[in-house]
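End of the sequence shown sits at 1050 in my numbering; the numbers just go up one at a time, nothing left out. Don't be surprised by glycine CBs; every beta carbon is placed ideally from N, CA and C. For clarity, every value in this text was computed on a predicted model and none was experimentally measured. What follows is a single structure, written as structure tokens, with notes after it.
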Amino acid sequence: MNGLAGPLHGLANQEVLVWLTQLQKEVGKDVSDDKLRDYIWNTLNSGRVVPGYGHAVLRKTDPRYTCQREFALKHLPHDPMFKLVAQLYKIVPNVLLEQGKAKNPWPNVDAHSGVLLQYYGMTEMNYYTVLFGVSRALGVLAQLIWSRALGFPLERPKSMSTDGLMKFVDSKSG
């Protein structure tokens, strides 16, 4: 669990919330796109990154971010922090592309997850890594069951999906 608590992993959604809170404190809650763009540039020019943007593997918007965004648009469209995240989504990628250093200027899951946790009452950020760890543990447990039952190796995103597995089983049993 301790390995998950670094700023690039389990701590990342907390870093986003800290950055968003600081942004609101410095420029206000109803910030214009221009002021937001200036704040982003100030962050980058000070040698820091915009937390919640970029991914070690993905080169497009993280699909988990997209899923959370769609959920938030439906269930909390008027939440001030969500509105700020949505506004950033329109601005940050262009600034990062203009800067020219980012391999992936698109948001990752951490750009959104902390805001959702806060909205639904999980305000103690120290527990976010625990939630992250529990979700990983459940995934490992499910993988262990697949491995023991079918002798399959660790599943990776490019490997066989559950749907593909079911089709494979059906083809062998019929």
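Under the rule that 16 or more other beta-carbon atoms within 10 Å means buried, what is residue 938, buried or exposed? buried
Contact check, residue 962 vs residue 892, beta carbons under 8 Å: no
State buried or exposed for residue 1010, treating a residue as buried only when at least 16 other CB atoms are found within 10 Å of its CB. exposed
Of the choices 983, 931, 908 and 979, whose alpha-carbon is the least far from that of residue 942? 983
Around the C-beta of residue 908, are 16 or more other C-beta atoms found within 10 angstroms, so that it is buried, or is it exposed? exposed
Just list the residues that DSSP pairs residue 983 with in beta bridges. 929
Simplified DSSP assignment, three categories, for residue 907: coil
Once you ignore the five residues that flank residue 919 on each side, which residues in its own chain have a CB closer than 7 Å to its CB? 926
What does the alpha-carbon distance come out to for the pair residue 1004 and residue 1012? 12 Å
Give me, in chain order, the residues of the same chain whose beta-carbon lies closer than 6 Å to that of residue 915; leave out the 5 immediate sequence neighbours on both sides. 899 and 903
Our contact map puts residue 967 next to residue 913 with C-beta atoms below 8 Å; I'd like the distance itself, whole angstroms only. 6 Å
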